[in-house]
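See structure below.
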Amino acid sequence: LVILDLYMPGKSGLDTLKIIRNQDLDIDVIAVTAANDRETVLKVIRLGALDYVFKPFHFE
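Under my numbering, think of the first position of the sequence shown as 11, with each following residue one higher.
Quick look at the structure:
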């Protein structure tokens, strides 16, 4: 399981997810993002993320 922040310093989480998928690795990815917009969520799902979490989040 990879928990992947989409906006890392110096690296795009979307690009990292593309690399994981292009290598045909059987890894579940959950994306973490501060971007609360439909386009970003759709990109993440299209690239094969299992799910996504918006920041900040709180455990309940």
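A virtual CB, placed ideally from N, CA and C, is assigned to each residue, including glycine.
**Prompt:** Would DSSP call Lys65 helix, strand or coil?
**Reply:** Start at 1 with the first residue of the sequence shown, and residue 65 comes out as number 55. The answer is coil: DSSP assigns Lys65 none of H, G, I, E or B.
**Item:** Residue from His68, Tyr62, Phe69 whose Cα sits closest to the Cα of Leu11
**Value:** Locating residue 11 in the sequence shown gives position 1, where the first residue counts as 1. Closest option to Leu11, judged by alpha-carbon separation, among His68, Tyr62, Phe69: Tyr62.
**Neighbourhood of Leu57 by C-beta distance below 8 Å, restricted to the same chain and skipping five residues each side** = Position 47 of the sequence shown holds residue 57. Only Leu24, Leu27, Lys28, Arg31 meet the Cβ criterion.
**Asked** In terms of alpha-carbon separation, which member of Pro19, Ala41, Asp36, Ile37 lies closest to Pro66?
**Response** Translated into positions along the sequence shown, residue 66 becomes position 56. Distance check between Pro66 and each of Pro19, Ala41, Asp36, Ile37 places Ala41 closest, using alpha-carbon atoms only.
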